[in-house]
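Counting in UniProt numbering, the sequence shown runs from 1 upward without gaps.
Glycine residues also receive a C-beta, built at the ideal position from the N, C-alpha and C atoms.
Structure first, commentary second.
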Amino acid sequence: MDSYLEPKLGEHSIGTTPRPKTESTDLKEKAHRLLTIAQAEFGLKMQLKDSPLRDQIHIFDTLFFRRLDAGRGKGCDYHAVKNWTSTLDIFSKQFIIVPIREQGIWYIAIICFPKHILEIDCTEPQPLSTVPSERTSILILDPYERDHSRTIRILREYLLAEALERHEKMVNFIKDMPMFWPVDGKHLSVGLESEWCDGGIHLLHYTRMFFANPLEIIALPPVSSYQTLEP
Numbered sequence: 001m002d003s004y005l006e007p008k009l010g011e012h013s014i015g016t017t018p019r020p021k022t023e024s025t026d027l028k029e030k031a032h033r034l035l036t037i038a039q040a041e042f043g044l045k046m047q048l049k050d051s052p053l054r055d056q057i058h059i060f061d062t063l064f065f066r067r068l069d070a071g072r073g074k075g076c077d078y079h080a081v082k083n084w085t086s087t088l089d090i091f092s093k094q095f096i097i098v099p100i101r102e103q104g105i106w107y108i109a110i111i112c113f114p115k116h117i118l119e120i121d122c123t124e125p126q127p128l129s130t131v132p133s134e135r136t137s138i139l140i141l142d143p144y145e146r147d148h149s150r151t152i153r154i155l156r157e158y159l160l161a162e163a164l165e166r167h168e169k170m171v172n173f174i175k176d177m178p179m180f181w182p183v184d185g186k187h188l189s190v191g192l193e194s195e196w197c198d199g200g201i202h203l204l205h206y207t208r209m210f211f212a213n214p215l216e217i218i219a220l221p222p223v224s225s226y227q228t229l230e231p
C-alpha cells in the first residue's frame, strides 16, 4: 500500500552495489551535494512564498541543525544558533520547518504549534492534550525507518532554551512521566524508497503536501513514537 506522502517517481533500487570511487566521482559527488543543498533551499523558499500559510511558517536554513547539533553524545548547542532568531519570535509561528541532512540523506523535522510551550503551567503540570493542534509536537518525515530519538531530543532542548531566552519561560517537566513532557515527537510513515531520497527532491514533495493540509499530515500514523524517550 502506497504511503499518502509517497510521490510517484517510478522504480529505483537503492540496493545496488556502489561503483568504486575515483577522484573524479568524488568531485562530482561534492558538486551534486552542494547543488542539492542549493536546490532544496530555493525550492523550500519558493514553496513558502506560494503558500497561503506563509505567514504562519518559518523555514530554517539547511545549516541550522548542523550548528545546533553539538556532536554525538552531546545535547544541543543553543548558543551556536541563538542569534538566528534575534529578529524572529518562533513562538508566533504555527510551524517551523527544519531540513536535515545526515549520512548523505535528507529528511525534514517539523515543529508544530510551538506557542503551546509558553502556555504550560509549570506550577501544576498537566498531561499533554490529545488534540494535535493544542500541543507542541515534532514530526519527522524521513523515507528511511531510522532512529530519530536524538533529533527529537535536540530540537526539544532547543525549544526549551529558546523559550527561556526570548520569553523568560522556564519549562519544567517530570522526567519519569512522559505524559507531562512539553513536546512529543513521531516519525511519520512516508514510504519513499528510491535513489531520489538521497537527492533531496522528496523534501519538496513532503513540504508541498504539508503546506496543502498540515492537520491531515499531522494525523498520519507514526512509524515510531518518541513520547517515552528520556529527555
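| query | result |
| --- | --- |
| Own chain, CB closer than 8 Å to Asp69, minus 5 neighbours either side, in chain order | Cys76, Asp77 and Ile154 |
| Residue range of the alpha helix (DSSP H) that includes Phe91 | From DSSP, Phe91 is part of no alpha helix (DSSP H); its letter is neither H nor E. |
| Short Cβ contact (7 Å threshold) for Ile97 with Ile90 | no |
| Lys169 - DSSP class collapsed to helix/strand/coil | coil |
| Whole-Å CB distance - Ile218 paired with Leu139, under 8 Å assumed | 7 Å |
| Where the beta strand (DSSP E) through Ile138 begins and ends | Thr136 to Asp142 |
| Member of Val183, Phe42 and Val171 whose CA lies at the smallest distance from the CA of Thr151 | Val183 |
| Buried or exposed (CB count within 10 angstroms, at least 16 for buried), Pro221 | exposed |
| Nearest candidate by alpha-carbon position, reference Asp55, set Thr85, Ile100 and Lys93 | Lys93 |
| Contacts around Gly10, its chain only, beta-carbon distance under 7 Å, and the 5 residues preceding and following it disregarded | With a pLDDT of 35 at Gly10, under the threshold of 50, the modelled position of that residue is not reliable, and no figure is offered here. |
| Neighbourhood of Asp142 by C-beta distance below 6 Å, restricted to the same chain and skipping five residues each side | Tyr107 |
| With 16 other Cβ atoms within 10 Å as the buried cut-off, status of Phe60 | buried |
| Pair within 7 Å by beta-carbon distance, Phe65 and Ile117 | no |
| Inter-residue spacing [alpha-carbon to alpha-carbon] between Thr87 and Tyr206 | 28 Å |
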